[in-house]
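Going down the list, the protein sequences come from chains A and B. All residue numbers for the first sequence refer to the working numbering, where the first residue is 1 and numbers rise by one. All residue numbers for the second sequence refer to the working numbering, where the first residue is 181 and numbers rise by one. Cβ coordinates follow ideal geometry from the N, Cα and C atoms, glycine included. One structure is given here, and the rest of the page talks about it.
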Amino acid sequence: MTSDEQLILELQQGSDAAFTELFLRYRERVYGFFRRRMNDAAKAEELAQETFLAVLRAAQRYEPRATFRAYLFGIAFNVLAAHRRKTALNKAQSDNAPDEVSDPSGTNPEIVIWVRQAVERLEAAEREVLLLREFEELSYEEIAKILYVPVNTVRSRLFRARMALREILATKSENLGGRK
Amino acid sequence: MTPSTHPFEQEEVMAYLDGELAANHAASVAAHLRECPECAALAKQMRDVSVQLSNWSVEPAPASLTKNLDAARAERALAKVKKPRGFDGWLDGKFSLLTNRWVWGAVSVVAVVALLIAVGRPNLLRAPEAERMASRLAYARRSQSAELATKENATSDLESAQTATPGPSPEAPNGQTQPMIARTASVSLIVKDFGPLEASVKAIAQRHNGYIANLNSTSPQDAARALTATLRIPSAQLEAAIAELKQLGHVEQESQSGEEVTKEFTDRAARMKNARATEERLLDVLRNHTGQVKDILATEQEIARVRGDIEQMESDQRALQTRVDFSTVELSAQEEYKASLESAPPSTGRRLRNAAVQGYRTVVDSVIGFGVWALQSLPTLLLWGFVAFAPARWLWKRLRRTPASQS
Numbered sequence: 001m002t003s004d005e006q007l008i009l010e011l012q013q014g015s016d017a018a019f020t021e022l023f024l025r026y027r028e029r030v031y032g033f034f035r036r037r038m039n040d041a042a043k044a045e046e047l048a049q050e051t052f053l054a055v056l057r058a059a060q061r062y063e064p065r066a067t068f069r070a071y072l073f074g075i076a077f078n079v080l081a082a083h084r085r086k087t088a089l090n091k092a093q094s095d096n097a098p099d100e101v102s103d104p105s106g107t108n109p110e111i112v113i114w115v116r117q118a119v120e121r122l123e124a125a126e127r128e129v130l131l132l133r134e135f136e137e138l139s140y141e142e143i144a145k146i147l148y149v150p151v152n153t154v155r156s157r158l159f160r161a162r163m164a165l166r167e168i169l170a171t172k173s174e175n176l177g178g179r180k
Numbered sequence: 181m182t183p184s185t186h187p188f189e190q191e192e193v194m195a196y197l198d199g200e201l202a203a204n205h206a207a208s209v210a211a212h213l214r215e216c217p218e219c220a221a222l223a224k225q226m227r228d229v230s231v232q233l234s235n236w237s238v239e240p241a242p243a244s245l246t247k248n249l250d251a252a253r254a255e256r257a258l259a260k261v262k263k264p265r266g267f268d269g270w271l272d273g274k275f276s277l278l279t280n281r282w283v284w285g286a287v288s289v290v291a292v293v294a295l296l297i298a299v300g301r302p303n304l305l306r307a308p309e310a311e312r313m314a315s316r317l318a319y320a321r322r323s324q325s326a327e328l329a330t331k332e333n334a335t336s337d338l339e340s341a342q343t344a345t346p347g348p349s350p351e352a353p354n355g356q357t358q359p360m361i362a363r364t365a366s367v368s369l370i371v372k373d374f375g376p377l378e379a380s381v382k383a384i385a386q387r388h389n390g391y392i393a394n395l396n397s398t399s400p401q402d403a404a405r406a407l408t409a410t411l412r413i414p415s416a417q418l419e420a421a422i423a424e425l426k427q428l429g430h431v432e433q434e435s436q437s438g439e440e441v442t443k444e445f446t447d448r449a450a451r452m453k454n455a456r457a458t459e460e461r462l463l464d465v466l467r468n469h470t471g472q473v474k475d476i477l478a479t480e481q482e483i484a485r486v487r488g489d490i491e492q493m494e495s496d497q498r499a500l501q502t503r504v505d506f507s508t509v510e511l512s513a514q515e516e517y518k519a520s521l522e523s524a525p526p527s528t529g530r531r532l533r534n535a536a537v538q539g540y541r542t543v544v545d546s547v548i549g550f551g552v553w554a555l556q557s558l559p560t561l562l563l564w565g566f567v568a569f570a571p572a573r574w575l576w577k578r579l580r581r582t583p584a585s586q587s
């Protein structure tokens with residue numbers, strides 16, 4: 001199988017097929033990236049599309065120093081940051097809308113809400129590191145580059161996030177068990 | 181779990197689970213995990229957290245994402261094909277150049293350097309000029325004090341010096357030529373008590389062995405009385421005399437200047453020496469004359485002419501010496517005058533007319549003033565705006581990015 005990095009180099013040469021392949025490989029993960037960070041599914045889709053268009057536009061600037069995954073989620077993170085700035089300006093249409101819970105097939109929706117609420121209780125900076133590590137599977141160094149913080153900071157934030165999440169999930173599971 | 185009881189920190193255990201440790205480090209952590217139940221428990225908790233997180237799945241990306249993206253790509257491809265040519269295309273290229281941060285960086289650097297040069301160049305030019313000025317001032321000060329010292333030593337000889345033929349030459353005892361400086365000072369005063377002023381001025385001149393060359397006093401009606409005087413004070417006592425004069429009232433203006441006359445003095449001394457030698461030779465001719473009466477008369481006439489020249493030069497030289505020995509102080513004093521209420525205030529019509537004229541003048545002045553200000557300041561403002569634009573833009577971008585990355 002052609003590697004992601006090979007594909008983006010082909011895209012630089014103008015290969016449309018390479019882009020399609022990359023899109024197919026990362027469509028779900030990029031959509032998931034936005035979907036886990038916002039309640040509005042349509043908005044998540046729009047931002048995912050914007051991310052892929054940005055990849056297409058900026059393909060020429062890609063240098064094979066970083067993995068494509070890190071590059072892609074770096075762009076996605078910037079798109080997200082821009083969106084957050086806009087929504088921060090007109091707070092009226094903020095993400096505080098009632099949860100429109102996704103309906104993932106084969107998973108208990110209650111567990112999804114449970115985990116999601118636990119993650120939302122984390123501190124913003126720690127939450128971001130945790131999500132980038134657990135779902136986008138980026139290395140500490142890649143996360144550090146995206147967030148403009150030292151690697152040690154990434155490591156300590158991640159540790160704190162996991163410890164806090166362990167506590168939250170432990171109490172929640174007790175409550176859930178008690179209710180059942 | 182502390183480092184004293186465990187060889188690894190908890191974060192290192194986590195990093196091991198994440199595959200973030202180097203191979204040998206990872207191997208030792210793995211070995212420790214096998215032995216240490218506490219650390220193994222922590223590792224299990226970490227894994228559990230990850231497992232629980234993995235339950236958070238999201239619905240698959242909607243099909244519309246692929247469709248919309250394809251549409252956007254098609255649109256983009258079309259736009260690329262239709263890329264404007266000619267002037268618009270050229271303009272497009274130029275604007276992309278303008279958004280390039282390297283171009284902006286280079287332009288900013290050039291602007292800053294140009295500004296530094298613009299600000300620094302006059303100072304650089306001024307520096308040697310200031311140095312020259314300073315050395316000139318230092319020279320003047322040195323020569324003045326040296327001259328004062330000479331004069332103080334020679335105060336007793338002053339009288340004879342003036343009456344004696346060539347006066348003391350500017351040759352200092354050590355043989356070095358000392359500059360001769362004719363000093364002039366002027367003092368303007370406002371005095372409260374005008375009555376005893378004239379007597380005080382005279383007393384000061386006398387106390388400092390000087391004299392009053394000129395004194396003029398006016399006392400007009402309905403106006404302040406005034407006095408102007410020219411004092412000649414021995415140069416050595418000039419400062420003291422001025423200090424005393426300044427005690428007489430409020431000093432409105434004061435200035436001092438010095439004119440170097442050394443060259444004039446030495447030139448004339450040399451000419452006088454020549455003239456005397458000529459006179460001497462002519463006298464010799466007269467004493468040993470063997471010629472006719474006509475020649476004797478001609479020689480006599482020549483001697484008289486040379487004598488006249490010498491006397492003229494001697495008197496000029498004495499006057500010059502006096503100018504050097506006696507500094508000139510121009511004093512002008514005015515009474516502090518309290519105006520009394522005289523005629524009635526001007527009529528209403530006149531006042532209105534005056535106000536209108538004044539108002540018109542103010543408007544014209546302010547318009548001209550604004551124009552002058554704009555012409556003076558706008559280039560600078562534009563320059564600074566241009567210089568500050570790129571850093572401000574960068575900072576703004578950075579600030580906008582920071583909250584997003586932290587949220």
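Range covered by the alpha helix (DSSP H) that runs through residue i
i                      : result
serine 380 of chain B  : 377-387
leucine 56 of chain A  : 41-58
leucine 130 of chain A : 124-134
alanine 211 of chain B : 203-215
tyrosine 71 of chain A : 68-89
alanine 423 of chain B : 418-426
Backbone secondary structure at residue i - three-state DSSP
i                            : result
proline 350 of chain B       : At proline 350 of chain B the pLDDT is 46, less than 50, meaning the model places this residue with poor confidence and gives no usable figure here.
serine 512 of chain B        : strand
proline 571 of chain B       : helix
valine 473 of chain B        : helix
arginine 363 of chain B      : strand
phenylalanine 506 of chain B : strand
valine 371 of chain B        : strand
serine 234 of chain B        : helix
asparagine 152 of chain A    : helix
glutamine 190 of chain B     : helix
glutamate 339 of chain B     : Here glutamate 339 of chain B scores only 40 on pLDDT, less than 50, and its place in the model is too uncertain to base an answer on.
aspartate 95 of chain A      : Residue placement at aspartate 95 of chain A cannot be trusted, given a pLDDT of 46 that sits under 50; what the coordinates show is reported in the next sentence. Here aspartate 95 of chain A sits in coil by DSSP.
arginine 121 of chain A      : coil
arginine 487 of chain B      : helix
aspartate 103 of chain A     : Bear in mind that the predicted position of aspartate 103 of chain A carries a pLDDT of just 48, short of 50, making it unreliable; the figure below should be weighed with that in mind. It is coil, neither helix nor strand.
alanine 403 of chain B       : coil
Contact test: residue i Cβ vs the ligand ZN heavy atom, cutoff 7 Å
i                        : result
glutamate 432 of chain B : This structure lacks the ligand ZN; in fact it carries no ligand of any kind.
Status (buried if at least 16 other CB within 10 Å, exposed otherwise) for residue i
i                        : result
valine 283 of chain B    : exposed
threonine 508 of chain B : buried
histidine 83 of chain A  : buried
threonine 51 of chain A  : buried
glutamate 255 of chain B : exposed
leucine 296 of chain B   : exposed
glutamate 515 of chain B : buried
Minimum Cβ-Cβ distance from residue i to chain A less than 8 Å
i                         : result
alanine 221 of chain B    : no
glutamate 218 of chain B  : no
arginine 580 of chain B   : yes
glutamine 225 of chain B  : yes
proline 187 of chain B    : no
tryptophan 553 of chain B : no
tryptophan 236 of chain B : yes
arginine 573 of chain B   : no
leucine 258 of chain B    : no
leucine 213 of chain B    : no
Boundaries (first-last residue) of the beta strand (DSSP E) holding residue i
i                        : result
threonine 436 of chain B : Going by the sequence as given, residue 436 of chain B is glutamine instead of threonine. It spans 430-440 - the beta strand (DSSP E) in which glutamine 436 of chain B sits, taken as one unbroken run.
threonine 410 of chain B : 406-414
serine 397 of chain B    : 391-398
Cβ shell of residue i (< 6 Å), same chain only, five flanking positions each side left out
i                       : result
tyrosine 196 of chain B : Ala206, Val209
Residues near residue i by beta carbon distance below 8 Å, same chain, minus five either side
i                         : result
methionine 452 of chain B : Pro346, Ile490, Met493, Glu494, Gln497
arginine 227 of chain B   : Leu197
aspartate 475 of chain B  : His469
glutamine 12 of chain A   : Ala59, Gln60, Tyr62
glutamine 472 of chain B  : none
glutamate 120 of chain A  : Arg127
Chain B contact for residue i (CB, 8 Å cutoff)
i                            : result
valine 79 of chain A         : no
phenylalanine 159 of chain A : yes
phenylalanine 23 of chain A  : yes
glycine 32 of chain A        : yes
isoleucine 111 of chain A    : yes
Cut-off 7 Å between Cβ atoms - residues of its own chain near residue i, not counting five sequence neighbours on either side
i                      : result
valine 486 of chain B  : Ala455, Thr458, Glu459, Leu462
alanine 420 of chain B : His388
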